[in-house]
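In the UniProt record's numbering, the protein residues as written are 1 to 326.
Beta carbons: idealized from backbone N, C-alpha and C, even for Gly.
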């Protein structure tokens, strides 16, 4: 079975925000954010933008590029951690924002930074069942609304973005190979937002504002990730039959400068293999991996005979990988 990427498009809200602006705002020394987070610029959405509006903008761009209308889709998957309301799910609101009255099914997939990979795997399963012909996946993240200015390591790291891809079954395109996901619950509490769910709805008058912000124990998280990464990749190389160095391109989730550098050095990946978008977009949660794929597809145009690895980690702690053989 082969899958064709009919179109893949991104939407970056607002204007690029330089790290120097944030350093001045936070009273940090010049160059602190780029040195510690690895981010030069990121985009943050305007106050009137929503997850649904950003997702719909990216999806409409992809539909236009593919020469399709929303009514021709068979399925829509929203893949991301950000949401406008606890209920209903984002996918339905994205359909409404598109202006379509078509009744094709839609749902959300939320595994934070691995949401796009999980959604892609689900889409491939639907194609294998021959239940659908055309599927849209859109990841949109509004991380800026949950950032604490008192925590400069996360405040300067994360960005907002939306990416949409239109997929269809075809005789051309890529063959999906070896989806593989694991989870270590030791990391369940290392990256989280304490307030807003059923445990703590935040309705008490004395609920501190900072409890609504994203929190991350970066040192413990990267330590646990590195502990899991070596056996994970050894198993993945065995399952896929491909060494990491055999890939033409590796598109990792953009965790941080430190995470990217360790990954590249430890597994001997050169700068041409490794797609690194962190400096320009920041860590965009679920949108990071598809941003890398979008830039690669639009820059390379022809990916014939190329081997691409999508790989990442997510809050929880989860690891995931998926190979695309063009």
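Under the three-state reduction of DSSP output, residue 166 falls in the strand class. The stretch 244 to 255 makes no contact with the stretch 74 to 84; the number of CB pairs closer than 8 Å stays below 3. Assignment of residue 313 by DSSP, reduced to helix, strand and coil, places it in the strand class. Here the stretch 188 to 200 does not lie against the stretch 123 to 135, with fewer than 3 beta-carbon pairs under 8 Å apart. A buried status is given to residue 228, since no fewer than 16 other beta-carbon atoms sit within 10 Å of its beta-carbon.
Considering only 247, 277, 264, 156, the residue with the shortest C-alpha distance to residue 35 is 156. At the C-beta level, residue 51 and residue 142 come within 8 Å of one another. Inside the stretch 248 to 291, DSSP marks whole beta strand (DSSP E) runs of 3 or more residues at positions 249 to 252, from first to last along the chain. Taking C-beta atoms as the reference points, residue 287 and residue 164 fail to come closer than 8 Å. Annotation: the stretch 28 to 80 contains the following complete segments of the beta strand (DSSP E) (minimum length 3 residues), in chain order: 41 to 43, 75 to 79. Within 10 angstroms of the beta-carbon of residue 56 lie 16 or more other beta-carbons, which makes it buried. Residue 180 and residue 308 have their alpha carbons spaced roughly 15 Å apart. Distances from the CA of residue 319 to each of 114, 243, 207, 145 were compared; the closest alpha carbon is that of 114. For residue 231, the three-state secondary structure derived from DSSP is helix. When DSSP states are grouped into helix, strand and coil, residue 84 belongs to the coil group. By the Cβ neighbour-count rule, residue 53 is buried, with 16 or more other Cβ atoms within 10 Å of its own. Here the alpha carbon of residue 132 sits roughly 18 Å from the alpha carbon of residue 62.
For residue 4, the enclosing beta strand (DSSP E) begins and ends at 2 to 11. Within the same chain, Cβ atoms closer than 7 Å to the Cβ of residue 268 are found at 245, the five residues on either side in sequence being excluded.
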